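As structure tokens, the structure follows; a few thoughts come after it.
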Amino acid sequence: MYDVIILGAGPAGYVAAEHASAMGKTVLLVEQDRLGGVCLNRGCIPTKSFLHAAKLYNHARHGGVFGVVAPDALFDYGIMKTRTEAVQEQLRNGIAFMMKRGKVEVVQGVARIVGRNRVAVGGTDYAGTNILIATGSRPAVPPIPGLADNPAVVDSTALLQADTVADSLAVIGGGVIGVEFACFHALLGKSVTVLEMLPTLCGPVDRDVARAVQKKLEQLGASVHVGATVDRVDGGTVFFRDKKGIGQSVAAERILVAAGRKPNLEGFGLDALGLDVTARGITVNDRAETSVPGVYAAGDVTGRIQLAHFASRQATVAVHAMFGRDDICRDVAVPAVIYTDPEAAGIGLTEHAAKEAGIPVRTVKMPLAASGRFVAETDGEQGFIKAVLAEDGKVLGMHIVGSYASEMIAAAAIMIEYGLTAQDVEKVIFPHPTVAEIMREVMFL
Ligand code: NAI
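Residues in the sequence shown are numbered from 6 upward in steps of one, following the working numbering.
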């Protein structure tokens, strides 16, 4: 009898396994594919490798102002892809090592829940005191005629696996996946069109951040249509109406569908448990408990916040709930990053959400050009930081566009999670010269 059986070895599953084993528990981790889940094999990590390479290429081509002249800069997709695979292999080995060190039993195969405490893999039955479901999500396909059986249409998984980079890309869905792939192609000088049905890119992010991401994509040559309605796809042509309702079409070598992801709820015997489930995913409380005692769920399969770092935290909370440690998974301080060039990152309350909810806030905004390092390292980049403060100065939100935004936002996570105020942050010494010190300076406004 294992203390816990975990289904899925993504950032929820393997982190839970590591954590439970560190608490001295016996763990069985079942994975049908490779260790690391979507994040490592088809998401966060390969896209970061792709984007880093494209940014290097673009910086080389436009480095003249810094005295770097590289007229023969070449982008070799094959080399980049081989390196990306090596990076993934290294990280998978790292997870395998952690599992071995923690004496986690890893079984490769399709897990099927056959009872409250029982999971079958192949012909073998395993018993566990607790079960953690961490089966993740997959790309959702919107009901647009012409997407099915169309060789021009790809999802993010297929795009990452492609042997060549497309000369032209149309993207249906201007969320995080859509804009990151749009940015990758635009940095390489490819023709890019983004079609987003909402009035702004990247859904709930700060409106100024969304506008800045759109502007930068357009500066890179991409054509961005927000408020667009995609009517149908025919071969490599997407037919849509723009925000004024005018019919248009765009032809592209590849059409990326990036219109959200849906939870993996099928194929592992979920029905055997009779859990509360909605179309968004398995219903869990803030202790990652499902409606059935002893059964927990974490990560994208819960449909709460589809981010790897939230999945890992939720999984840790699940392990704590199983073994009697007091902990809850809050979602007020969940950073989100968009790895475009430049990066954008945000956390907590946005100015527009505060307004809509009638929450009184003070918003302070500063250009990143107030940072010496930022000016030294960029060429006219229009970065900014925006802090959303409560009337008593408590930091409620932070939103940043510009280089290092992804790394800086971690400091904002601490501020918000621990309820720090502007006055508290003023007392913190930030290193100089960094772009991060602007996080303190903005508090003086
Ligand atoms: P998303 O939900 O972020 O964005 C999907 C977008 O597609 C939305 O803006 C939606 O309005 C639009 N859309 C839906 N149907 C459409 C249609 N028929 N026509 C035009 N637009 C349509 O989902 P996405 O980008 O697929 O990402 C999935 C999840 O993965 C998200 O939760 C995202 O945050 C996460 N992710 C996080 C990354 C990061 O942390 N950097 C990178 C990539 C994904």
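Where a beta carbon is used, it is the ideal one built from N, C-alpha and C, also for glycine.
Fair warning: this is a prediction, and the values are worked out from it, not measured in the lab.
* Three or more beta-carbon pairs under 8 Å between the stretch 184 to 203 and the stretch 274 to 283, yes or no? -> no
ask   = Counting only runs that start and end within the stretch 48 to 92, where is the alpha helix (DSSP H) found for 4 or more residues in a row?
value = 49 to 66
(request) Look at A350 and S411 and say whether their C-beta atoms are less than 8 Å apart. (result) Contact: yes.
Return yes when the Cβ of G353 is within less than 8 Å of the Cβ of V337, no when it is not.
Yes, the Cβ-Cβ distance between V337 and G353 is below 8 Å.
task: Could you tell me if K360 is buried or exposed, where buried requires 16 or more neighbouring beta carbons within 10 angstroms of its beta carbon?
output: exposed
Check: Does the stretch 133 to 152 come close enough to the stretch 210 to 218 that 3 or more CB-CB pairs lie under 8 Å?
Finding: no
Report the rounded CA-to-CA distance for I136 versus V210, giving the unit in angstroms.
-> 34 Å
Next item on the list: Note down, one range per segment and in chain order, each beta strand (DSSP E) of at least 3 residues found wholly within the stretch 169 to 201.
Entry: 173 to 177, 196 to 201
(message) Let's see if you can read the secondary structure: which residues bound the alpha helix (DSSP H) around M420?
(response) 410 to 422
Assuming G407 is part of the alpha helix (DSSP H), what are its boundary residues? Per DSSP, G407 belongs to no alpha helix (DSSP H) and is neither H nor E.
Query - Uninterrupted alpha helix (DSSP H) stretches inside the stretch 198 to 281 (no shorter than 4 residues) - result: 212 to 224
Is the separation between the beta-carbon of V158 and that of V238 shorter than 8 Å?
yes
Any idea what DSSP makes of N135, helix, strand or coil? It is a strand residue.
Using the beta-carbon count (16 or more within 10 Å), is V339 buried or exposed?
Buried: at least 16 other Cβ atoms inside 10 Å.
| field | Distance cut-off 7 Å: A264 Cβ against heavy atoms of ligand 1 | value | yes
Please state if the CB of F245 and the CB of I118 are separated by a distance shorter than 8 Å.
no
Kindly list the residues whose CB is nearer than 8 Å to the CB of F71, restricted to its own chain and excluding five residues on each side of it in sequence; keep chain order. D384
#### Entry: Candidates G133, E110, S161: closest to G499 by CA position
Residue 499 cannot be examined here, being either before or after the span of the chain that is shown, 6 to 450.
| Just how far apart, CA to CA, sit L425 and T234? | 43 Å
* In three-state terms, what does DSSP make of D429? -> It is helical.
task = Specify the secondary structure class of E348 as computed by DSSP and reduced to three states.
result = coil
Closest Cα partner of A358 within the set M371, I419, I333, L401: L401
Consult DSSP for I11 and reduce its assignment to one of helix, strand or coil.
For I11, the secondary structure class from DSSP, reduced to helix, strand or coil, is strand.
Just to confirm the assignment, what range does the beta strand (DSSP E) spanning K391 have?
389 to 395
Checklist line | Beta-carbon spacing of A320, A21 below 8 Å | finding: yes
Exercise. Considering only residues of the same chain and omitting the five flanking positions on each side of D81, which have a CB-CB separation below 8 Å?
Worked result: Sequence-distant partners of D81 (beyond 5 residues in either direction) whose C-beta falls short of 8 Å from its own C-beta are missing from its chain.
### Task
Note the first and the last residue of the continuous alpha helix (DSSP H) segment covering V20.
18 to 27
message: Mapping the DSSP letters down to three states, classify G99 as helix, strand or coil.
response: Helix.
Q. From the DSSP output, which residues share a beta bridge with K370?
A. In the DSSP output, where bridge partners are listed per residue, K370 has K391.
Helix, strand or coil: which one does DSSP assign to A116?
strand
Checklist entry - Is there at least one non-hydrogen atom of ligand 1 closer than 7 Å to the beta-carbon of E431? => result With a threshold of 7 Å, the Cβ atom of E431 does not count as near ligand 1, since no heavy atom of the ligand is closer than that.
Touching or not, the stretch 199 to 214 and the stretch 173 to 183, by the rule of three or more beta carbon pairs under 8 Å?
yes
### Task
Find out if the Cβ-Cβ distance for the pair V447, V366 is shorter than 8 Å.
no
Item checked: Contact check, L373 vs E185, beta carbons under 8 Å -> no
Does V297 pass the burial test, meaning 16 or more other C-beta atoms within 10 Å, or should it be called exposed?
exposed
**OP:** Report the rounded CA-to-CA distance for R330 versus T307, giving the unit in angstroms.
**Re:** 21 Å
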